[in-house]
Each structure stands twice: as C-alpha cells, then as structure tokens.
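K.L.:
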Amino acid sequence: MSSPLDDPRDLRLAPREWLFLGAAVLVWAAFVVYLGKDTSWDFRNYHWYIPYAYLNDRMAIDVVVAHQASYYNPFLDIPFYWLATHTPPWFALGALGAVQGANVVPLYLIGRQTLRIDEYKLGAGALALLGQTGGLTLSLLGLHYYDNVMSLFILSGVAILICCGPTLREGALWKTAALTAVAGFLVGMAPGLKLPEAPFAVGFAVALLAVGGGWKHQATRLVAGGIGGAAGFALCAGFWMAKMEALTGNPLFPYFNQYFESPLAMARNYRDLRFVPTHFWRQVLYPILFAEDWSVADDLPYRDIRVALAYVGVIGAALAWLSGRRSKDPLMSLRGTAILFAFAAASYFAWLRVFAIYRYIVLLEMLSPLLIAAAVGLLPIPRRAQLVTLACAFFAALVLTRPDFLDRAPLDNDSPYVSVALPKWEDPKHTMVLMTGNSPMGFIVPQMPPEIPVLRIDGWMLQPKDGTGLTAGMRKRVKAWKGDLYLIAESFDMIRAHDALLDYDLSIDWSKCTLFDTNIIGAYQLCPIFKHPPIK
Numbered sequence: 000m001s002s003p004l005d006d007p008r009d010l011r012l013a014p015r016e017w018l019f020l021g022a023a024v025l026v027w028a029a030f031v032v033y034l035g036k037d038t039s040w041d042f043r044n045y046h047w048y049i050p051y052a053y054l055n056d057r058m059a060i061d062v063v064v065a066h067q068a069s070y071y072n073p074f075l076d077i078p079f080y081w082l083a084t085h086t087p088p089w090f091a092l093g094a095l096g097a098v099q100g101a102n103v104v105p106l107y108l109i110g111r112q113t114l115r116i117d118e119y120k121l122g123a124g125a126l127a128l129l130g131q132t133g134g135l136t137l138s139l140l141g142l143h144y145y146d147n148v149m150s151l152f153i154l155s156g157v158a159i160l161i162c163c164g165p166t167l168r169e170g171a172l173w174k175t176a177a178l179t180a181v182a183g184f185l186v187g188m189a190p191g192l193k194l195p196e197a198p199f200a201v202g203f204a205v206a207l208l209a210v211g212g213g214w215k216h217q218a219t220r221l222v223a224g225g226i227g228g229a230a231g232f233a234l235c236a237g238f239w240m241a242k243m244e245a246l247t248g249n250p251l252f253p254y255f256n257q258y259f260e261s262p263l264a265m266a267r268n269y270r271d272l273r274f275v276p277t278h279f280w281r282q283v284l285y286p287i288l289f290a291e292d293w294s295v296a297d298d299l300p301y302r303d304i305r306v307a308l309a310y311v312g313v314i315g316a317a318l319a320w321l322s323g324r325r326s327k328d329p330l331m332s333l334r335g336t337a338i339l340f341a342f343a344a345a346s347y348f349a350w351l352r353v354f355a356i357y358r359y360i361v362l363l364e365m366l367s368p369l370l371i372a373a374a375v376g377l378l379p380i381p382r383r384a385q386l387v388t389l390a391c392a393f394f395a396a397l398v399l400t401r402p403d404f405l406d407r408a409p410l411d412n413d414s415p416y417v418s419v420a421l422p423k424w425e426d427p428k429h430t431m432v433l434m435t436g437n438s439p440m441g442f443i444v445p446q447m448p449p450e451i452p453v454l455r456i457d458g459w460m461l462q463p464k465d466g467t468g469l470t471a472g473m474r475k476r477v478k479a480w481k482g483d484l485y486l487i488a489e490s491f492d493m494i495r496a497h498d499a500l501l502d503y504d505l506s507i508d509w510s511k512c513t514l515f516d517t518n519i520i521g522a523y524q525l526c527p528i529f530k531h532p533p534i535k
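For the sequence shown, numbering that gives the first Met the number 0 puts the final residue at 535, and the numbers step up evenly by one.
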C-alpha cells in the first residue's frame, strides 16, 4: 500500500476521461435548454437590465430602476445578455448550462488526484456527479444567480493547489509563485465579479497554508497568491469600483454607506442580514437547521443534507486526526484532505459571519461529496465499514435531495429572449416613465425606446420622502419635465403607486391605464400621469 501522503498523479487524462467530462457538460447544457428561460425575481430585476444599461450608457439617464442592484458590477451579466440578444434563445441557454455544468471538471480533477483506491477514476467521476446533483445545485441550473458560475473559478483555483502539490511545496520558487498566482487570480476574479464570493478568498488563503512545505515556499505562496488574487479582483472590479466612486462617492454603492457617506443614499449598509445567526447554539447547529428547513438560510426552496453531512463528518474526522486516532489507510491523500478541509472550514466560517445565505455556498454543496469521502476515510474503522458508511450517506443524500425548478418560462426560439407587449409610444423623445413599488421590472426597460428615461421614485432603496440625494435629483427632474409622464407598476401594487405619486404631486389618469404582459412573467399597468396644478 502506498503512503497516505501520496502526491497527485500524472495529470494527463485518458481519452475516455475527456469523453466523460465533455459528455457531462453537454448533458447539463441540454438539461438547461429543456428547463426553459429564467423568470426569477433577480433576473427580472437586474440581470437583464444592468448589462443593457452599461452597454447603452444609461447611468445618467435612468435612476434606481433595479433598486440597489442598479449599481452592481454588470460585467458578469454582459456575456449572456450579448448571446441572448444576438443568437437563438436555445443557444444562449445552452451556453449558460455548459458553463455551469463545467464545474464537473475541477471536481473530477480534485477527486482523481486525491482518491487512494484502485478505481480512482470511477470514484472521482461518481463524486463529481454527486457534487452536481445537490438540491440547490440542480435548482440553480439555467438561472442567473451565477453562484454556480463563480464556483468554476474558485474550484479551479483549489484544484491547482491539489494537483500541483509537489511543486508548490518543494519546487523552484518561481514555479511555486507562478502556479499560486494563477490559482489566486482565478479565485480573486470571483469576488471581483460578485462580492458575496469573498468568503472563498479567505478559504483559499488558509488552504495555501495547508499545502505545506518550508517557510520559503509558504511565504512565496502567500505573497504570490495575494498578488494574483488582488490582480484578479482588480481586473474584474477595479474599473467598476472607480466608476462608482466617481459617480456616487462610494465604490461599493450603496453598500456600507454608513462608512462611505455618499449623499446620494441613506447612511446604512443596505446588506441582507436576515439569515445571519447570532445565538451561539444556532451558529453551531446552523447546517443541521438549514438541512431540515431551507427557509432558515435562503429564499429559494430546496432540500439537501450534503453540507450538513460534510459539516459533521469533517468535525469528527478532524478530531480523530488531531487526537492521533485517524485511520492508517485513509480513502484520500492526507495532503489533499488537509487542503480541502482548510478551504471548506475557513470559507464556511467566513460566510457564516458575513452572509449565512445558503445560495452563496452552493460551491460547498458541490464539494460536499469529496469532503464526506475524505472525512469518512479518516475515521478509525475498517475499510469495509468506511465504504458502507459512505454508501449509506450518499444514498440518504440522494433520496432526501429535492430540487425546485421554479421560475421558468417555455423556450420560444421564434421570438426574442425577452419581449414586452407595450403599447406604441406617441412621442418617446418627450416621454418619462416612473416606476413604483418593490416589484422587479428592470427587464422591461431594454424593450422600451432608448429615448425614454426611467426613474424608480419608490422601492426598496429609495422612497419619496427619504431625503437622499438621488430622490432630490429625481424630484427636480420630474418637476422640470415638460413632456408626457407615465407610470409602470405591477397590477397588484397600484395603491402604493398612487400614494408614492401623491408625494411627488402627481396623480394617475385611471381611465387611460393599459394592461400589458411579457413573455417572461407578470401583468403590468402603464398609466398616464398628470401633475397637480400649483397651489396659489
């Protein structure tokens, strides 16, 4: 039997391995096309709107159309938006599904390089597919939350640490620095494109230490990884943060505005802290709680116990390892196991403190089968008992998994990806549209004539009497507007619309309201607005 510290195998993949990975990616792509178009709240709110707004330079024209998401980095959304507006809908969806399905590649490589069994390729393939069949992992396929796209960058960075272990521990320092910088660059890109991925940067930094080696290699990895991570973050976020700083005075606008104090928004952090546990035992038991009830940690329905199993398993295995009672014949290499444990544990605890929203750690759901296999393989029990335990754990995970394929619309390749049945505008050049309420309506704006400015005067981020600079600016623009004014609002939200418009000295012309729909979802009202005559 080889040493449990075995370094990774030769990385050259056999043709059948390439065939397996390619087939897996194509299957997920086809599955996404079968599921249909994304109609989720976030897609309707900003994933279709912000790439359009950036590409058409509407930052000075529209105001808060997508609530605070109006100011998110649009670069993550631009590729799909461009594809969906220039290619058939099935192709755009298939491309998204292929990217999301490509997580199978780093998952497979991690398993292939760490498993210490004769049929390690078969085992790695099984673990990789198990990682792609989690409750939320399946539910997010074809949706535009992009947590399962950012995971591809992060898992690839972790795979480099595991697959290139000997060089990173003992090789020439310049090679160590180069490989680590590449891995750090990939990981840094993720929070650069989507800030909630930041906890995984913490996990990556701790994983760099877990790689091992002398102090020179440790220091080289930390420095190179930090430089690479900073470069990846700067490439993906630097331009946008500078733009937000120049436009609003807050590079993360509107978040953490209690520190940046931009006059355009309120002095608050604007973060969603609903799920962050504060009680000690709730923190300790959090994975068990959200395994039992998804609403503890997310707004998206799902059921999955993988993370809970990995959480319990890693704690048990770590205790056995630290006490010197671990198995003498582990299922996975100790070096690979140390990297995985360090990355997952540090990422999880950083996430728990900052977000605690399950969707943001869907990457750990994907990684859980590998973590479970590594943990069970360290328990001081016979190999047969380890395999039976794993079989029971994975069987339970599969049986209890429940994805929820909500928020989908049928695919129609004979019409645009998004179409809106708006009435013809009489004079677009002299028309302004106001939006009210919390409903997601950003996806409507790209289907309107580009001459029309759209201002959301009431919503999550702003209200008519909030005293912010953005509201003050909108009040001036509306008051000075000499052309036609229209309201767009959800049909069920017209009372709120009426009240918000009153605060602007405006009223709805109810007799001329028009109902319109879209090929995504929803029934919306388009109503003319008239100004109240000034009081003499």
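Note that the Cβ used here is the ideal one computed from N, Cα and C, for glycine as well.
None of the values given here were measured: they were computed from a predicted structure.
#1: Looking at chain B, is there any beta carbon in it that lies within less than 8 Å of the beta carbon of Ala317?
#2: What runs of the beta strand (DSSP E), each 3 residues or longer, lie entirely inside the stretch 99-156?
#3: Which one of Val103, Leu137, Gly458 and Pro415 has the shortest CA to CA distance from Leu82?
#4: What residues are listed by DSSP as bridge partners for Tyr485?
#5: At what residues does the beta strand (DSSP E) containing Thr513 begin and finish?
#6: Report the residue from Asn72, Gln112 and Tyr53 whose alpha carbon sits nearest the alpha carbon of Arg11.
#7: Using 8 Å as the threshold, is the stretch 61-75 in touch with the stretch 429-447, meaning 3 or more CB pairs across them?
#8: Which two residues bound the contiguous alpha helix (DSSP H) that contains Ser346?
#9: Do you know whose CA, among Arg474, Pro449, Gln446 and Pro448, lies nearest Arg455's CA?
#10: Spell out a yes or no on whether the stretch 30-43 and the stretch 515-535 are touching, meaning 3 or more CB-CB pairs, one atom from each, closer than 8 Å.
#11: Say the cut is 7 Å; is the CB of Leu330 nearer than that to a heavy atom of the ligand MN?
#12: With a threshold of 16 other CB atoms inside 10 Å of the CB of Phe19, please say whether the residue is buried or exposed.
#13: Tell me which residues share the same chain as Tyr80 and place their Cβ nearer than 6 Å to its Cβ, disregarding the 5 neighbours each side in the sequence.
#14: For Gly468, which option in Val313, Pro262, Val432 and Ala420 has the closest C-alpha, if you only look at C-alpha atoms?
#15: Starting from Asp37, follow its DSSP beta bridges and name the residues at the other end.
#16: So the alpha helix (DSSP H) Arg545 belongs to, where does it begin and stop?
#17: For Val31, list the residues DSSP reports as bridge partners.
#18: Mind checking which residues open and close the beta strand (DSSP E) that includes Val453?
#19: In the DSSP assignment, find the unbroken beta strand (DSSP E) run with Ser506 in it and report its ends.
#20: Is it true that the CB of Val453 sits closer than 8 Å to the CB of Met434?
#21: Alpha carbons only, please: which of Arg270, Lys120 and Trp480 is nearest the one belonging to Trp459?
#22: Under DSSP, the alpha helix (DSSP H) around Ile494 begins and ends at which residues?
#23: Taking the alpha-carbon positions, what's the Leu333 to Trp350 distance?
P.N.:
Checking against the coordinates, here is how it stands:
#1: Reference to chain B is not applicable here, since this structure consists of a single protein chain.
#2: If we require 3 residues or more, the stretch 99-156 turns out to have no beta strand (DSSP E) run fully inside it.
#3: Check the Cα spacing between Leu82 and each of Val103, Leu137, Gly458 and Pro415: the tightest is with Pro415.
#4: Per DSSP, the beta bridge partners of Tyr485 are Val432 and Pro527.
#5: Per DSSP, Thr513 belongs to the beta strand (DSSP E) from Thr513 to Asp516.
#6: That would be Gln112, whose Cα lies nearest to the Cα of Arg11.
#7: A contact exists between the stretch 61-75 and the stretch 429-447.
#8: Note, Ser346: alpha helix (DSSP H), Leu333 to Val353.
#9: Nearest of Arg474, Pro449, Gln446 and Pro448 to Arg455, Cα basis: Arg474.
#10: Taking 8 Å as the limit for Cβ pairs, the verdict is that the stretch 515-535 does touch the stretch 30-43.
#11: The model depicted lacks the ligand MN and carries no ligand whatsoever.
#12: When all chains shown are included, Phe19 counts as buried.
#13: When the five nearest sequence neighbours on each side are left out, the beta carbons in the same chain lying within less than 6 Å of the beta carbon of Tyr80 are those of Pro50, in order along the chain.
#14: Distance check between Gly468 and each of Val313, Pro262, Val432 and Ala420 places Pro262 closest, using alpha-carbon atoms only.
#15: Bridge partners of Asp37 according to DSSP: Arg407.
#16: As shown, the chain starts at 0 and ends at 535. That puts residue 545 outside it, with no answer to give.
#17: Val31 is not bridged to any residue.
#18: Val453 to Arg455 is the span of the beta strand (DSSP E), which, as asked, contains Val453.
#19: According to the DSSP assignment, Ser506 belongs to the beta strand (DSSP E) that extends over Leu505 to Ile507.
#20: For Met434 and Val453, yes; Cβs fall inside 8 Å.
#21: Arg270 is the residue among Arg270, Lys120 and Trp480 whose C-alpha sits nearest the C-alpha of Trp459.
#22: Met493 to Leu501 is the extent of the alpha helix (DSSP H) around Ile494.
#23: Cα-Cα distance, rounded: 25 Å.
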